[in-house]
Amino acid sequence: MYGFINSCLQSLVIERFGQETWNKLSSLPGVQDTFMTYTVYDDILTLSLVQEACSLLNVPADVLLKLFGEHFFIFCKQAGYDTMLRTLGGNLIEFIGNLDALHSYLALSYQEMNAPSFRVEMTDDGNILLHYYSDRKGLYHIVPGIIEAVARDFFDSKVTMVVVSQSEEDERTGKKEHVVFLVKQTPQASETRHQDHSSHSEAFFRRMRDRCVSLAGEKKGWDLIRAVVLSDKGSLQCIF
1 MYGFINSCLQ SLVIERFGQE TWNKLSSLPG VQDTFMTYTV YDDILTLSLV QEACSLLNVP
61 ADVLLKLFGE HFFIFCKQAG YDTMLRTLGG NLIEFIGNLD ALHSYLALSY QEMNAPSFRV
121 EMTDDGNILL HYYSDRKGLY HIVPGIIEAV ARDFFDSKVT MVVVSQSEED ERTGKKEHVV
181 FLVKQTPQAS ETRHQDHSSH SEAFFRRMRD RCVSLAGEKK GWDLIRAVVL SDKGSLQCIF
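No gaps in the numbering here: position 82 of the sequence shown is 82 in full-length UniProt numbering, and each next residue is one more.
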């Protein structure tokens with residue numbers, strides 16, 4: 001995983017459980033005072049940090065991972081990505097549906113990024129089925145933390161998520177964990193908030209279009225897309 005993930009975990013532990021707890025975790029092999037955003041660290045390091053934190057705090061792994069998901073969303077916003085995240089969709093379904101596109105953009109610069117994949121579908125009774133696919137097993141508890149925080153902050157709504165199925169599927173790249181969540185969302189509290197978001201999104205995409213025009217004379221194909229994405233404030237490549 002990229003250093004941003006480990007930095008987020010470090011931030012969570014310090015803010016929620018104190019510097020002393022992190023000092024104990026930092027004695028693990030490979031743990032650094034500062035993780036480099038652009039450096040890829042072995043997944044074993046991250047998983048070891050999670051396991052040791054659970055042991056120290058006497059907290060179940062699913063609880064800590066959900067806390068991490070909530071904190072990850074906040075951490076991304078604090079890092080300067082609030083505007084970019086808000087443009088992923090005018091509602092929760094659109095937001096989730098555009099996450100894979102965001103990961104595709106990031107992969108242009110970070111070829112070693114191994115992000116999860118998401119797919120959404122509507123049930124007959126108006127609820128959401130969220131399909132989560134990942135090469136990494138046992139991390140799906142992060143998803144409810146992220147989605148609940150997004151729904152609460154961006155869409156003035158509350159969601160509840162329960163796992164309805166969990167399986168392992170064979171794909172070209174190997175076995176993937178496939179978890180299906182049933183997502184129940186309450187109605188939005190304010191239509192005004194939605195309208196403000198729409199105006200915000202339109203302004204953002206106009207800026208992106210203008211960048212495309214200004215860069216088109218110098219760049220082509222994937223180079224153009226990459227230049228547009230990385231030219232936005234905060235450099236999207238810093239996220240994962």
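A virtual CB, placed ideally from N, CA and C, is assigned to each residue, including glycine.
None of the values given here were measured: they were computed from a predicted structure.
Alpha carbon of residue i to alpha carbon of residue j, nearest angstrom
i: Thr-160; j: Glu-15; result: 25 Å
i: Ala-216; j: Ser-104; result: Legend: pLDDT at Ala-216 = 46, less than 50; position of this residue unreliable, value from coordinates given subsequently. The alpha-carbon atoms of Ala-216 and Ser-104 are separated by roughly 20 Å.
i: Ala-124; j: His-178; result: In the sequence as displayed, the identity of residue 124 is Asp instead of Ala. Using only the alpha carbons, I get a separation of about 22 Å.
i: Glu-169; j: Gln-10; result: 32 Å
i: Lys-184; j: Val-162; result: 9 Å
i: Cys-54; j: Asn-127; result: 33 Å
i: Glu-94; j: His-131; result: 14 Å
i: Pro-60; j: Lys-66; result: 10 Å
i: Glu-52; j: Thr-186; result: 36 Å
i: Ser-7; j: Glu-171; result: 31 Å
i: Val-13; j: His-141; result: 17 Å
i: His-71; j: Phe-118; result: 20 Å
Distance CB(residue i)-CB(residue j) smaller than 8 Å
i: Gly-69; j: Val-143; result: yes
i: Glu-121; j: Leu-129; result: yes
i: Leu-88; j: Leu-102; result: yes
i: Ser-157; j: Ala-149; result: no
i: Phe-75; j: Ile-146; result: no
i: Leu-92; j: Phe-181; result: no
i: Ser-134; j: Lys-77; result: no
Burial state of residue i (16 or more Cβ within 10 Å)
i: Tyr-38; result: exposed
i: Leu-99; result: buried
i: Leu-28; result: exposed
i: Val-164; result: exposed
i: Gly-3; result: buried
i: Met-1; result: buried
i: Thr-192; result: Only weak support is given to the placement of Thr-192: the predicted model assigns it a pLDDT of 44, under 50, and the value that follows is read from those uncertain coordinates. Thr-192 is exposed by the Cβ-count criterion.
i: residue 241; result: There is no way to answer for residue 241, as the model of the chain reaches only from 1 to 240.
**OP:** Could you name each continuous alpha helix (DSSP H) segment of 4 residues or more that falls completely within the segment 86 to 163, going from the start of the chain to the end?
**Re:** Fully enclosed alpha helix (DSSP H) runs of 4 or longer: 92 to 97, 99 to 107 and 142 to 154.
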